[in-house]
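Peer 1: In short: position in the sequence shown from 1, add 19, done, that's my numbering. The C-beta atom is built at its ideal place from N, Cα and C for all residues, glycine as well. My questions all concern the structure below.
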Amino acid sequence: MKRNRQRLRLSNPLPKANLTPNPLRLTPYAWRKLLFLRDLGPTEVGGFGISCKDDLLLVQDISLVRQQCSTVTVKFDDQAVADHFDDYVDLGYEVERFARIWVHTHPGDSAIPSSTDEETFARCFGSSDWAIMFILAQGGETYARLALNAGPGGDLMLPVEIDFSRPMLASEEQDWEQEYLASVSEECLFQPRQEERKLLQVARSPRGLEQRLDDDWMYDPFYDPFYNSERLEVAGEPF
Numbered sequence: 020m021k022r023n024r025q026r027l028r029l030s031n032p033l034p035k036a037n038l039t040p041n042p043l044r045l046t047p048y049a050w051r052k053l054l055f056l057r058d059l060g061p062t063e064v065g066g067f068g069i070s071c072k073d074d075l076l077l078v079q080d081i082s083l084v085r086q087q088c089s090t091v092t093v094k095f096d097d098q099a100v101a102d103h104f105d106d107y108v109d110l111g112y113e114v115e116r117f118a119r120i121w122v123h124t125h126p127g128d129s130a131i132p133s134s135t136d137e138e139t140f141a142r143c144f145g146s147s148d149w150a151i152m153f154i155l156a157q158g159g160e161t162y163a164r165l166a167l168n169a170g171p172g173g174d175l176m177l178p179v180e181i182d183f184s185r186p187m188l189a190s191e192e193q194d195w196e197q198e199y200l201a202s203v204s205e206e207c208l209f210q211p212r213q214e215e216r217k218l219l220q221v222a223r224s225p226r227g228l229e230q231r232l233d234d235d236w237m238y239d240p241f242y243d244p245f246y247n248s249e250r251l252e253v254a255g256e257p258f
């Protein structure tokens, strides 16, 4: 026996869930400052996004702290981060407004986070209930990811927009440059160890070369990088 099957039709269908996440937005002032800081030096530069009181996903300013930077890393000074917290708490800011959005730049064209970025984000922001990693590359590419650490957790990619509905505040390049110079120092990635420095200093001296010739009768100067060398540099730093 065949059964009649009828489809239920709702007179008022349920609305589809909005799966598009809210964007991370920057005021024109914050965007201009970030571009300026990105282009001041050859290294990465990092800071905290300062959110608006009525909208935590709207960045109104970028705050730098003392840091050592290279072309691939940003390392914040622990005491400087503590001072950053104290200063904004004294100003009456909630922690969510000044310590949840990690902003940094990439000198190249790619804004994809490196393994070091991921480790830093997990170590420094993993205990927060939520945090955002935002990256701006030299070529203009952006990357923003919201990490939800409370409850079941999860990650959500966020679009990035500039909110031109906010007032167009005047740029303050001179103040921004002073903030950069007071906060950012370039780090040399390849520092020779002290023992290597001593060895190199001895090897490049005339007496050191004569001693090596006397000690090794099979010495071949062709394979010695210090032979007949007028200047030796390691990591771009002359001895």
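If distances are taken between C-alpha atoms only, which option among Phe-140, Gln-157 and Thr-161 comes closest to Ile-151?
Peer 2: The candidate whose alpha carbon is nearest that of Ile-151 is Phe-140.
Peer 1: Closer than 7 Å by C-beta to Val-84: which residues in its own chain qualify, once you throw out the five before and the five after it? Chain order, please.
Peer 2: Closer than 7 Å at Cβ, skipping near neighbours: Gly-66, Phe-95, Asp-96, Ala-99, Val-100, His-103 and Ser-202.
Peer 1: Does the beta carbon of Lys-52 come closer than 7 Å to any beta carbon on chain B?
Peer 2: You won't find chain B in this structure, because it holds only one protein chain.
Peer 1: By a C-beta neighbour count over all protein chains shown, 10 Å radius and 16 as the cutoff for buried, is Ala-49 buried or exposed?
Peer 2: Burial call: buried.
Peer 1: For Glu-180 versus Arg-44, is the C-beta distance shorter than 7 Å?
Peer 2: A contact, by the Cβ cut-off of 7 Å.
Peer 1: Among residues of its own chain, excluding the 5 on either side of Lys-72, which ones have a beta-carbon nearer than 7 Å to its beta-carbon?
Peer 2: Taken in chain order, the residues that qualify are Arg-116.
Peer 1: Does the contact criterion of 3 or more C-beta pairs under 8 Å hold for the segment 156 to 164 versus the segment 116 to 128?
Peer 2: Contact between the segment 156 to 164 and the segment 116 to 128 is present, because at least three Cβ pairs lie under 8 Å.
Peer 1: Quick check: what's the CA-CA separation for Ser-4 versus Gly-111?
Peer 2: Within the shown structure, residues of the chain are numbered from 20 to 258, placing residue 4 beyond reach of any answer.
Peer 1: Going by the beta-carbon positions, is the gap between Ile-120 and Gly-172 smaller than 7 Å?
Peer 2: No; because the gap between Cβ atoms is not below 7 Å, this pair is not in contact.
Peer 1: So, under 8 Å CB-CB, Leu-165 and Asp-174 are touching, yes? Tell me the CB distance rounded to an integer number of Å.
Peer 2: Sure, about 7 Å apart at Cβ, within 8 Å.
Peer 1: Could you say which of Asp-148, Pro-40, Ser-70 and Leu-75 lies nearest to Ser-279 if we only look at CA atoms?
Peer 2: Look at the range of the chain in this structure, 20 to 258, and you will see that residue 279 is not part of it.
Peer 1: Please list, in chain order, all residues of the same chain as Ser-204 whose beta carbon is under 6 Å from its beta carbon, the five residues on each side excluded.
Peer 2: Result list for Ser-204: Gln-87, in chain order.
Peer 1: Output needed for Pro-47: all residues of its chain with C-beta closer than 7 Å, excluding positions within five of it in sequence on either side, in chain order.
Peer 2: Answer for Pro-47: Ile-181, Phe-183, Arg-185 and Met-187, listed in chain order.
Peer 1: Using the DSSP secondary-structure output, state which residues sit across from Arg-44 in a beta bridge.
Peer 2: Paired residue(s): Leu-77 and Glu-180.
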